[in-house]
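J.: Take this structure, written in structure tokens, and hold onto it; I'll ask about it next.
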Amino acid sequence: MNQAQPRSARVVVAGTAFGRVYLDAVRAAPESFALAGVLSTGGAYSRALASRHDVPLYTAVDQVPEVDIACVVVRSGLLGGPGSELAQAFLSRGTHVLQEHPVHAGEIADNLRAARRGGAAYAVNTLYPDLAPVRRFLAAVEVLRRSGPLRFVDAACANQVAYPLVEILARIAGSVRPFGFGETSGPDDQPYRALHATVGGLPVTLRVQNQLHPADADNHAHFFHRITVGGDAGVLTLADTHGPVLWQPRLHAGRDDTGRLIMAGPGTDRLAATSTTVLGPEAGSFHQVFAELWPDAVRTALHRLVQDIGEPARRARTGQWALGVATAWSALTARLGVPQPIHPEEPPVLPVGELLAAVAAEDARGTR
Numbered sequence: 022m023n024q025a026q027p028r029s030a031r032v033v034v035a036g037t038a039f040g041r042v043y044l045d046a047v048r049a050a051p052e053s054f055a056l057a058g059v060l061s062t063g064g065a066y067s068r069a070l071a072s073r074h075d076v077p078l079y080t081a082v083d084q085v086p087e088v089d090i091a092c093v094v095v096r097s098g099l100l101g102g103p104g105s106e107l108a109q110a111f112l113s114r115g116t117h118v119l120q121e122h123p124v125h126a127g128e129i130a131d132n133l134r135a136a137r138r139g140g141a142a143y144a145v146n147t148l149y150p151d152l153a154p155v156r157r158f159l160a161a162v163e164v165l166r167r168s169g170p171l172r173f174v175d176a177a178c179a180n181q182v183a184y185p186l187v188e189i190l191a192r193i194a195g196s197v198r199p200f201g202f203g204e205t206s207g208p209d210d211q212p213y214r215a216l217h218a219t220v221g222g223l224p225v226t227l228r229v230q231n232q233l234h235p236a237d238a239d240n241h242a243h244f245f246h247r248i249t250v251g252g253d254a255g256v257l258t259l260a261d262t263h264g265p266v267l268w269q270p271r272l273h274a275g276r277d278d279t280g281r282l283i284m285a286g287p288g289t290d291r292l293a294a295t296s297t298t299v300l301g302p303e304a305g306s307f308h309q310v311f312a313e314l315w316p317d318a319v320r321t322a323l324h325r326l327v328q329d330i331g332e333p334a335r336r337a338r339t340g341q342w343a344l345g346v347a348t349a350w351s352a353l354t355a356r357l358g359v360p361q362p363i364h365p366e367e368p369p370v371l372p373v374g375e376l377l378a379a380v381a382a383e384d385a386r387g388t389r
């Protein structure tokens with residue numbers, strides 16, 4: 022007798038701005054998910070988007086038929102949007118919810134209560150920790166941890182992505198708590214605010230570009246995330262949120278009978294190691310980030326939600342983790358204060374060929 026194939030989870034996506042990434046994520050995995058519709062305010066763009074995906078457009082939760090999962094990709098109350106209200110409406114009727122960050126801890130607590138009443142699973146998606154390069158980085162950190170204790174983390178990010186940075190740091194440490202954030206330092210006219218912190222008991226040096234364009238908040242970050250984790254064997258670096266991952270073994274040379282460093286010859290096998298190794302593929306284009314990396318990260322979060330749906334015992338831990346991340350992020354933002362408003366022009370394009378040519382010219386000059 023043939024076994025019945027499991028049915029794909031029916032998914033509705035609320036929101037058509039960043040929600041486009043969720044739509045792409047769902048459509049690319051028909052073996053696991055079936056797009057059942059789009060929920061929005063009903064504008065012309067949303068109507069065209071739903072038509073392009075050949076699914077119904079809904080303008081209210083009570084119009085949405087029975088579905089398995091609602092992806093709420095609408096600003097939460099923290100940012101003045103109805104995201105958490107939508108999440109609670111779905112949860113109360115028993116629909117499982119994946120909500121895009123940021124979400125305030127108080128809203129998460131309300132959403133978890135609605136989830137319990139409706140017998141549904143609820144999770145906050147911070148996206149960036151599930152990007153393939155970040156997952157590679159975290160996997161490498163686990164190997165480094167096996168060689169000895171992690172000694173430090175040096176991290177930097179833009180204000181817009183500080184929330185997911187807290188989760189990445191918590192995944193590195195293995196826990197959100199205990200956490201604490203010291204006073205910021207540095208002149209007010211500097212783009213980055215620096216502070217010392219503890220996340221999951223791990224010491225962290227942190228720099229945040231605490232600046233924001235009021236009319237263009239998605240742009241003008243110098244970079245998203247850059248993280249270095251150090252252990253006794255060496256340091257791992259996530260050069261950027263979208264990769265690559267770098268490994269640098271600790272430089273250590275023995276000494277001869279005169280106290281001088283032994284730089285070659287017998288007993289210097291460890292010096293034959295490459296001083297910096299790229300772990301995994303090089304970073305791709307921003308087109309690939311939008312079309313591949315981000316949707317893949319959404320699918321990873323959706324599959325984790327499906328696990329919570331099938332194993333209700335997991336849901337409490339998922340909820341407590343989300344509450345911990347949100348609470349720690351609130352503590353960080355309280356230290357940082359209100360972002361400095363900036364109004365830069367569109368940044369110039371610097372062709373990489375010019376950089377390569379300058380490097381090649383310097384190499385050609387040789388030692389002078």
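Sequential numbering from 22 applies to the sequence shown in my numbering.
For each residue, glycine too, the CB sits at the ideal point set by N, CA and C.
All figures in this text were calculated on a predicted structure; none of them were measured in a lab.
Quick one: Cα of G98 to Cα of E128, how far?
T.: C-alpha separation (whole angstroms): 8 Å.
J.: Are there 16 or more other CB atoms within 10 angstroms of the CB of Y66, so buried, or fewer, so exposed?
T.: Classification of Y66: exposed, given that the 10 Å Cβ count is below 16.
J.: Between the alpha carbons of L190 and V197, how many angstroms are there, rounded?
T.: The straight-line gap from Cα to Cα measures roughly 8 Å.
J.: At what residues does the beta strand (DSSP E) containing L300 begin and finish?
T.: First-last of the beta strand (DSSP E) with L300: 298–300.
J.: Going by DSSP, what residues sit across from Y18 in a beta bridge?
T.: Residue coverage of the chain in this structure runs from 22 to 389, which leaves residue 18 outside it and unanswerable.
J.: Classify Q309: buried if its beta carbon has 16 or more other beta carbons within 10 angstroms, exposed otherwise.
T.: Answer is exposed; the Cβ neighbour count stays below 16.
J.: Can the beta-carbon of V85 be found less than 8 Å from the beta-carbon of L70?
T.: No, the pair does not count as a contact, with Cβ atoms beyond the cut-off.
J.: L326 and L152 look like a contact to me (Cβ under 8 Å); what is the Cβ gap, rounded to whole Å?
T.: Actually they are not in contact, since the Cβ atoms of L326 and L152 sit about 17 Å apart, beyond 8 Å.
J.: Return the residue from the list D75, G40, R41, R68 that minimises the CA-CA distance to A57.
T.: Among D75, G40, R41, R68, the Cα nearest to that of A57 is on D75.
J.: Under 8 Å, do R320 and A91 count as touching if we go by C-beta distance?
T.: Contact flag unset, no.
J.: Who are the Cβ neighbours of D232 in its own chain at under 7 Å, not counting the five residues just before and after it?
T.: Correcting the residue identity first, residue 232 is Gln in this sequence and not Asp. Closer than 7 Å at Cβ, skipping near neighbours: N180, P212, P360, Q361, I363.
J.: What first and last residue would you give for the alpha helix (DSSP H) that runs through V197?
T.: From DSSP, V197 is part of no alpha helix (DSSP H); its letter is neither H nor E.
J.: What residues in its chain sit with their C-beta under 8 Å from that of M22, if we drop five residues either side in the sequence?
T.: Because the pLDDT of M22 is 37, which lies under 50, any placement of that residue in the model is unreliable, and the number read from its coordinates should be weighed accordingly. Excluding positions up to five away in sequence, the list is empty.
J.: Taking 8 Å as the limit between beta carbons, can you name the residues of its chain near R336, skipping five residues before and five after?
T.: Hits under 8 Å: A136, A142, Y143, D329.
J.: Can you tell me the Cβ-Cβ gap for L148 and P185, rounded? I've got them flagged as a contact below 8 Å.
T.: Indeed, because the Cβ distance is near 6 Å, the residues count as touching under 8 Å.
J.: Quick one: residues in its chain with C-beta nearer than 8 Å to the C-beta of P287, no 5 flanking neighbours on either side, listed in chain order?
T.: There are no such residues.
J.: Assuming the contact rule is C-beta atoms closer than 8 Å, V266 and P154 should be a hit. Round their C-beta distance to whole Å, please.
T.: Yes, they are in contact, since the Cβ atoms of V266 and P154 sit about 6 Å apart, within 8 Å.
J.: In the DSSP assignment, find the beta strand (DSSP E) that holds Y143 and state where it starts and stops.
T.: Element bounds for Y143: 143–146.
J.: Does the distance from the CB of V42 to the CB of V32 come in under 8 Å?
T.: Their beta carbons are not under 8 Å apart, which means V42 does not touch V32 by this criterion.
J.: Between the stretch 196–210 and the stretch 366–385, can you find at least three pairs of beta-carbon atoms closer than 8 Å?
T.: The answer is no - the stretch 196–210 does not touch the stretch 366–385, with fewer than three Cβ pairs under 8 Å.
J.: Counting pairs of Cβ atoms below 8 Å between the stretch 296–303 and the stretch 257–276, do you hit three or more?
T.: With the cut-off at 8 Å, the stretch 296–303 and the stretch 257–276 touch.
J.: Identify which residue in C178, R68, N240 has its Cα closest to the Cα of G36.
T.: Measuring from the Cα of G36, the nearest candidate turns out to be R68.
J.: Apart from the five residues just before and just after L353, which ones in its own chain have a Cβ nearer than 7 Å to its Cβ?
T.: Cβ neighbours of L353 beyond the five flanking positions: A183, V187, F202.
J.: Beta strand (DSSP E) containing G255: first to last residue?
T.: Looking at the DSSP string, the run of the beta strand (DSSP E) that includes G255 is 255–259.
J.: Tell me whether D175 sits in a helix, a strand or coil according to DSSP, three-state version.
T.: In the structure shown, D175 sits in a strand (DSSP, three-state: E or B).
J.: Just to confirm, are L344 and A161 a CB contact at a threshold of 8 Å?
T.: Not in contact: L344 and A161 (Cβ atoms no closer than 8 Å).
J.: Taking the beta strand (DSSP E) that F54 falls in, what are its first and last residues?
T.: Note, F54: beta strand (DSSP E), 54–60.
J.: Starting from T219, follow its DSSP beta bridges and name the residues at the other end.
T.: DSSP, once it has assigned bridges, lists G201, P224 as partnering T219.
J.: Return helix, strand or coil for V370, following the three-state DSSP convention.
T.: DSSP places V370 in coil when its eight states are reduced to three.
J.: Which value, in whole angstroms, describes the spacing of the CA atoms of F244 and C178?
T.: Answer to the nearest angstrom: the Cα atoms are 7 Å apart.
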